[in-house]
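Engineer: Numbering (my numbering), first residue to last: 12 to 402.
Note that CB positions come from ideal geometry on N, CA and C, so glycine has one too.
Remember, it's a predicted structure, so these values are computed and weren't measured experimentally.
Take a look at this one; I'll ask things after.
Structure below.
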């Protein structure tokens, strides 16, 4: 290349290289000072888009974990109240057992027992109405909510508390141990004694229409035939079953208990028909007695024990459901914590700067900057050699 005064190509090359070096030095300084490899979209457009998506997922997972923790708080609040409900029901059962001891209790003693039971029923109602979470009532049987426990649509857990924990909802509002005969026991009972060739017949609740399914729910008292007995209040009916289906279930329970009687339903009561006494017309007195259908009405205390047992079972089932839901939330939180850790690590690999590698680049750029500056100074002095030719 010839000597030129107008254009110093060496200086231009040195200046261009120095500019590139300075840009690299500035980029390294920005990465080292911020800790991020990607500070603007220009640094890595694709990496920025991916990392922003991961950041959205990280934020969603974090909030989802908090939501799941709220779900646990709701479940714990409800379960804690039901724990006290169970304690109250257990106390009511103890009092009912005490009230059933009619041989040792006076009328005043039974009334005193009923006074405490009435107070306990009021407490049940108070717990059912006052147990709330952020203004939402939990124990009225209508609580049903979804908790968003993940970052994406559809990642929810449903919580349903379907038990009405009031005394009416638990079926113990009518408990009264002072009643000689339970209020919902058999009424209008008629009996046909089993003669030598006649089946025994017992009509229960002659004032009720047993073509309606709900009439079966009021049955209590004990049916006895030939020494085999069945407490009618213990017969379980499928939810939503019809009167015909409940009659079938009742007859199956009688057969299972060995009670030789068949139930038929009518609009004027439930009729229990036994078998004709063994021996026919020549049946003995004992054979006639064995074929007789006997019905013993339940006392208020006896009916109370049965009703409270059913209530305790209902509350225990709900508590088990709540416990399972809490465990579900716990597992979800554990899984989401692992997911959050993995997504955070992935986002860090994309967006965070490698401090060691960036420091190497920075040191290299520093050296090149110093060398470029020195060479630019040398290149600027090259045109001065032309003066030697002009002397």
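If we ignore side chains and look at the alpha-carbon of each, how far apart do residue 339 and residue 215 end up?
Structural biologist: The alpha-carbon atoms of residue 339 and residue 215 are separated by roughly 47 Å.
Engineer: Keeping to the same chain, check which residues put their C-beta closer than 7 Å to that of residue 121; ignore five residues upstream and five downstream.
Structural biologist: Taken in chain order, the residues that qualify are 110, 188 and 189.
Engineer: Spatial neighbours of residue 220 within its chain, please: CB distance less than 7 Å, with the 5 preceding and 5 following residues excluded, ordered by chain position.
Structural biologist: Once the five neighbours on either side are set aside, the close Cβ partners of residue 220 are 226 and 278.
Engineer: Which whole-angstrom value describes the C-beta separation of residue 243 and residue 231, a residue pair presumed to lie in contact below a C-beta threshold of 8 Å?
Structural biologist: At roughly 6 Å, the Cβ-Cβ gap stays under 8 Å, so residue 243 and residue 231 are in contact.
Engineer: Starting from the C-beta of residue 383, find all residues in its chain whose C-beta is less than 7 Å away, skip the five residues before and the five after it, and write them out in chain order.
Structural biologist: Excluding positions up to five away in sequence, the list reads 25, 28, 29 and 32.
Engineer: For the alpha helix (DSSP H) that contains residue 96, what are its first and last residues?
Structural biologist: Here the alpha helix (DSSP H) through residue 96 covers 56-110.
Engineer: Check the DSSP bridge columns for residue 131 and list the partner residues they point to.
Structural biologist: For residue 131, which the question treats as bridged, DSSP gives no partner whatsoever.
Engineer: For residue 146, which of 102, 128, 114 and 85 has the nearest alpha-carbon?
Structural biologist: Among 102, 128, 114 and 85, the Cα nearest to that of residue 146 is on 85.
Engineer: For residue 278, does the three-state DSSP call read helix, strand or coil?
Structural biologist: Three-state DSSP puts residue 278 in coil, outside helix and strand.
Engineer: For residue 31, name the three-state secondary structure that DSSP assigns.
Structural biologist: Looking at residue 31 - three-state DSSP - the assignment turns out to be helix.
Engineer: In the DSSP assignment, the beta strand (DSSP E) including residue 405 goes from what residue to what residue?
Structural biologist: The question about residue 405 has no answer, for the chain in this structure spans 12 to 402.
Engineer: Alpha carbon to alpha carbon, how far is residue 79 from residue 344? Give it in angstroms, no decimals.
Structural biologist: When rounded, the distance between both Cα atoms is 7 Å.
Engineer: With DSSP collapsed to three states, give me the class of residue 167.
Structural biologist: Residue 167 falls in the strand class under three-state DSSP.
Engineer: Opposite residue 241 in the DSSP bridges: which residues?
Structural biologist: Paired residues: 234.
Engineer: What is the DSSP secondary structure of residue 47, counted as helix, strand or coil?
Structural biologist: Strand, per DSSP.
Engineer: Check whether the Cβ atoms of residue 210 and residue 287 sit closer than 8 Å, and answer yes or no.
Structural biologist: The answer is yes: Cβ separation under 8 Å.
Engineer: Could you say if the stretch 359-369 and the stretch 56-72 meet the contact criterion of at least three C-beta pairs nearer than 8 Å?
Structural biologist: Yes, since at least three Cβ pairs between the stretch 359-369 and the stretch 56-72 fall closer than 8 Å, the two stretches touch.
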